[in-house]
Amino acid sequence: MKFQFPEDFKDEESSQTLPRFCFPYDIQRPKDSVAVQHFTFVLTDLEGCQRFGFCRLTNSTQTCLCILSYLPWFEVFYKLLNNLADYLSKGQINEIKALLAALYQQSIPLAPGSVTLQMVNLLISQ
25 MKFQFPEDFK DEESSQTLPR FCFPYDIQRP KDSVAVQHFT FVLTDLEGCQ RFGFCRLTNS
85 TQTCLCILSY LPWFEVFYKL LNNLADYLSK GQINEIKALL AALYQQSIPL APGSVTLQMV
145 NLLISQ
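Going by my numbering, the letters in the sequence shown line up with residues 25 to 150, in that order.
This is the structure in structure tokens:
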């Protein structure tokens with residue numbers, strides 16, 4: 025794991041388990057598939073509480089971006105992953121951190137609507 029947000033996130037079990045879900049095959053072996061894949065997995069704890077993992081795997085760079093959330097907002101998180109990948113491809117790490125910090129501070133909308141940040145617009149529908 026090269027980067028995590030928030031930086032003080034402490035969940036040893038998730039940290040150990042995530043690489044197996046993010047890279048479900050041998051990344052050293054070239055794949056004959058598309059350059060970018062989006063996929064989701066679900067982690068369920070002993071109480072039945074589900075956490076969704078949203079992934080964007082890039083075969084050419086052997087990079088997987090992953091967001092863990094209790095919210096099943098597939099379209100929102102896939103759009104966010106694409107935006108983060110754009111920033112990453114341009115080396116804009118400060119922009120990634122600023123975007124994630126701004127989103128982390130947003131409250132969850134109670135009704136369908138949108139969250140607007142300077143960097144990106146995310147439509148959140150429930």
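Even glycine gets a Cβ: it sits at the ideal position worked out from N, Cα and C.
Are L81 and C88 touching if we call contact CB-CB under 8 Å? Taking 8 Å as the Cβ cut-off, L81 and C88 qualify as a contacting pair.
Could you check which residue in C79, I91, F98, D35 has the C-alpha nearest to that of D16? Only positions 25 to 150 of the chain appear in this structure, which leaves residue 16 out of reach.
What are the boundary residues of the beta strand (DSSP E) that includes L67? Element bounds for L67: 60–68.
Y94 versus S113: straight-line alpha-carbon distance, rounded: Approximately 27 Å, taken between the alpha carbons.
With distances taken Cα to Cα, identify the nearest neighbour of L104 among Q40, T85, F65, A126. The shortest C-alpha to C-alpha distance from L104 to any of Q40, T85, F65, A126 is the one to A126.
Local Cβ density within 10 Å of I132, reported as buried at 16 or more and exposed below that: Within 10 angstroms of the beta-carbon of I132 lie fewer than 16 other beta-carbons, which makes it exposed.
If I measure Cβ to Cβ from D32 and keep anything under 7 Å in the same chain, skipping five residues before and after, which residues do I get? Excluding positions up to five away in sequence, the list is empty.
Outcome for P30 when other beta-carbon atoms lying within 10 angstroms are tallied against a minimum of 16: Exposed, by the Cβ-count rule.
Would you mind sorting L42 into buried or exposed? The rule is 16 or more other CB atoms within 10 Å of its CB. The residue in question, L42, is buried, as its Cβ has 16 or more Cβ neighbours within 10 Å.
Inter-residue spacing [alpha-carbon to alpha-carbon] between S84 and A122: Distance between the alpha carbons of S84 and A122: 26 Å.
In three-state DSSP terms, what is I91? In this structure, I91 counts as strand in the three-state DSSP scheme.
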